[in-house]
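Heads up: the structure comes next, in structure tokens.
Protein chains in written order, with the UniProt record's numbering: chain L, 1 to 292; chain G, 1 to 237; chain S, 1 to 338.
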């Protein structure tokens, strides 16, 4: 039993990483209605920028804030410059665009900062949290930040005009235009916010997985999985999904014989798919009724 | 009487297909004008062209200012509220959120709050359901919500696309009564597209009849309603 | 973004392609066929090898095109079927000494079965959910191929070396050249089969499902059957393509069949034009040659250059090579009129 509780705790600790990324995934899904495969790379690049700022002597929180703002602006710029021209192109062409963006960012980061693994600092320290060897203060801090972020998003979407406008633009774009909402800018804003949230995720994840151009590959997949599991329309679901995926992954690795590190991912995914077969809109997602 | 909306030689296209072939009509400030015609005559397209939701050429002037080549969302900001066919309800949001969205371009928070109360007075059923998801409302209630949402803009002109579609006759009577009241009391000019010609002519002061993308008849609503020949050949009642 | 054209452009995820537009005209087909027949005679062995690669990757892109362009289902798991096909061929050839031309049909049939079975749970999923499910398959495959108890056949992490076949009947032809013509025959046969499949009753059922699943089922199309069938056919063809690759590359290893391959096939489909079968070969050319070109332009930034080139292509022709073909056709007919 103790093994079980320990594994669940460890799962929650890794789950915090996925939860954080999943929030960024849900954010972009709300804005553009599909998944952005380059999101992990964008987060990685933001993290490198913050690292570079710290190398130049800025303190952690100053670098953090500057990165947040830069990421927000960069997200908007990427949408305006690269993806707005594709607004009328088929969805699959847009997906190809995400893959192209992935290649560009990954390769540029490799050239600027090379592929060696770098240490990344944590503002929370890495002592055991409340005497537990399984969760460090950094991981506890990460969980805290994720929850704060979730609350912030909830308030933004429920109680601000711009949040209301963004939701309207995402759910019925034509009606949104008819009440005077500039839906095109709402999409750009969604990109900005998703990129900023992604940068927070990157900066929190980097102390755990270490900083390098390929650091987000695995994390983004788990982030997608978490968001899909929780329901792509629900930020709350995404966070819960993140923790569940972390727990799944750890328990599968411990209890299913013959599962090495390599098979953890496929098994976690298979579990998620079985959930989706039963609940196609995810655990907390809104079921959308299709009409002919 | 001043002309509020002036449409000249309007042609609209869906891809290669031309749907309007040079439509010319105007609407006076404060009037309630109806656009009649059979299925596929181009009524909906006319409203969509005014809001730049289909590709079109020709002149559209609102209060003396040209509307051509402006985006839909900026046309709305001139004070033109469009209630689209199918009502365009934000189904996943609450009734109250739908009303707030109608006023999203306005900055006067106090005015918005009092307008929401005014809408609840016009449509008491919306007040009962104000926290409910709009998608769960009945068809008639959704149509009321759509009209209320449009009024939240405090529009000068309201475009209504077949408000009677799919509603029970009693509900339609109710709705048209409220539209008349809004037109008289709130001084909102209304352009309403209808298939239910009889009802629309009772309500309207001006009427235009379109057929295959052209205006074939115009005049005072009473005259058109009383002219048996027109009624028989174009309006079918 | 203005709303001007939204009414006409509100399309489903996969745009409807008229059935006739999915293929080439007779004249063009003959020219392309002649080129494919003649060019290798004048080419060096390495170029012939690349052309062979073009053919079997084109076949794999075609298979995805039948699934996505035909039935509207999305798959990131094609690399798994490709890997299974390659391994079945390699294991049969090397461990059981079965001639290569017999291995391919077996690979095709087995992969059809795997695809058909995988299509069952995938039935409940669509869009991003299906993408995730197929993605899981793609990530699992290299690990499954490495499993210990299979090692005595698969060679584990090391993989398997495959012997290249000689030209039969004493033909005086290099191995590469023979393999090219052999591949060409297989690919052409499958291409003709696919074209006819999409023109058939089943093809119409696929497209009805792609355009509107609910309406299709209301018209009496057995949606579940045809969706899984599309998965099966696509997987079967992908398996044959994988088998051909194993023979041509003379080597199979688990890490040749990762998600990267599935993404390449996806890009090939988009560049060639979703739903346009002849575009598959153009898409394959893109994924074979453009990375090399990018490498030539800048070694350190080859990924970025590749991304920029890909962006250029999708800006210029968002509907892929199909769009170029349509423009060409319009241009030709205008010339004829004058």
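Glycine is no exception: its CB is placed at the ideal position from the N, C-alpha and C atoms.
Computed from a prediction, not measured in an experiment: that's the story for all the values here.
>> Can you pull out the residues from the segment 246–276 of chain L whose beta carbon lies closer than 9 Å to at least one beta carbon of chain S?
In response: 258, 260, 262, 263, 265, 266, 267, 268, 269, 270, 272, 273, 274 and 276
> Checking contacts by CB at 7 Å: is residue 96/L closer than that to chain S?
Replying inline: yes
> Where residue 148/S and residue 122/S are concerned, what is the direct C-alpha to C-alpha distance, given to the nearest angstrom?
Replying inline: 28 Å
> Relative to the alpha-carbon of residue 38/G, which residue among 119/G, 228/G, 215/G and 226/G has its alpha-carbon at the smallest distance?
Replying inline: 215/G
>> For the structure I just gave you, are there three or more beta carbon pairs, one from the segment 40–56 of chain G and one from the segment 223–230 of chain G, closer than 8 Å?
In response: no
>> Pairs of beta-carbons, one from the segment 73–88 of chain S and one from the segment 102–115 of chain S, closer than 8 Å: are there three or more?
In response: yes
>> Between the alpha carbons of residue 38/L and residue 102/L, how many angstroms are there, rounded?
In response: 4 Å
> Where do the ends of the alpha helix (DSSP H) carrying residue 32/L lie?
Replying inline: 2–32
> Which residues in chain L sit within 7 Å of residue 102/G, going by Cβ to Cβ distance?
Replying inline: 179
>> Taking 6 Å as the limit between beta carbons, can you name the residues of its chain near residue 94/L, skipping five residues before and five after?
In response: 86
> If you pair each beta-carbon of the segment 34–46 of chain S with each one of the segment 237–255 of chain S, do three or more pairs fall below 8 Å?
Replying inline: no
> When DSSP labels each residue in this structure, what does residue 136/L get in the three-state scheme?
Replying inline: strand
>> Taking the alpha carbon of residue 48/G as the reference point, which residue from 130/G, 81/G and 125/G has its own alpha carbon closest?
In response: 81/G
>> Can you look up residue 19/G in the DSSP assignment and give me helix, strand or coil?
In response: strand
> When the Cα atoms are used, what is the spatial distance from residue 127/G to residue 139/G?
Replying inline: 16 Å
>> Report the CB separation of residue 88/G from residue 155/G in whole angstroms; it is logged as a contact under 8 Å.
In response: Between residue 155/G and residue 88/G the Cβ distance is about 15 Å, and since that is not below 8 Å, they are no contact.
> What is the rounded straight-line gap between the Cα of residue 24/G and the Cα of residue 45/G?
Replying inline: 14 Å
> Got a sec: is the Cβ-Cβ distance from residue 130/S to anything in chain L below 7 Å?
Replying inline: no
> Is residue 53/S helix, strand or coil when you go by DSSP?
Replying inline: helix
> Listed from N- to C-terminal order along the chain, which residues in the segment 248–281 of chain S have their beta-carbon within a distance smaller than 8 Å of any beta-carbon of chain L?
Replying inline: 263, 266, 267, 269, 270, 271 and 274
> At which residues does the beta strand (DSSP E) containing residue 283/S begin and terminate?
Replying inline: Note, residue 283/S: premise wrong, no beta strand (DSSP E); alpha helix (DSSP H) at 279–297.
> Is the beta carbon of residue 117/L sitting closer than 7 Å to the one on residue 212/L?
Replying inline: yes
>> Considering only their Cβ atoms, is the gap separating residue 268/S from residue 322/S smaller than 7 Å?
In response: no
> Is the Cβ of residue 283/L closer than 7 Å to any Cβ of chain G?
Replying inline: no
> Taking Cβ-Cβ distances below 8 Å as the criterion, which residues of the segment 72–95 of chain L are in contact with chain G?
Replying inline: none
>> To the nearest angstrom, how far is the alpha carbon of residue 103/G from that of residue 110/G?
In response: 12 Å
>> By the DSSP assignment, the alpha helix (DSSP H) with residue 8/G in it spans what residues?
In response: Residue 8/G -> not in any alpha helix (DSSP H); beta strand (DSSP E) instead, spanning 3–14.
> Beta-carbon separation of residue 226/L and residue 245/L under 7 Å?
Replying inline: yes
>> Please report the distance separating the alpha-carbon of residue 84/L from that of residue 305/S.
In response: 21 Å
>> Do residue 231/L and residue 284/L have their beta-carbon atoms positioned less than 7 Å apart in this structure?
In response: yes
>> For chain S, check one thing: does any of its Cβ atoms lie closer than 7 Å to the Cβ of residue 164/L?
In response: no
>> Just to confirm, is the Cβ distance from residue 238/L to residue 26/L under 7 Å?
In response: yes
> Would you call residue 230/G buried or exposed, if buried means 16 or more other Cβ atoms sit within 10 Å of its Cβ?
Replying inline: buried
>> Determine, for residue 325/S, whether the minimum Cβ-Cβ distance to residues of chain L falls below 7 Å.
In response: no
> Are the Cβ atoms of residue 377/L and residue 192/L separated by less than 7 Å?
Replying inline: With chain L covering only 1 through 292, there is no way to say anything about residue 377/L.
> Which bits of chain L does residue 105/G rub up against, with CB to CB less than 9 Å?
Replying inline: 179, 180 and 181
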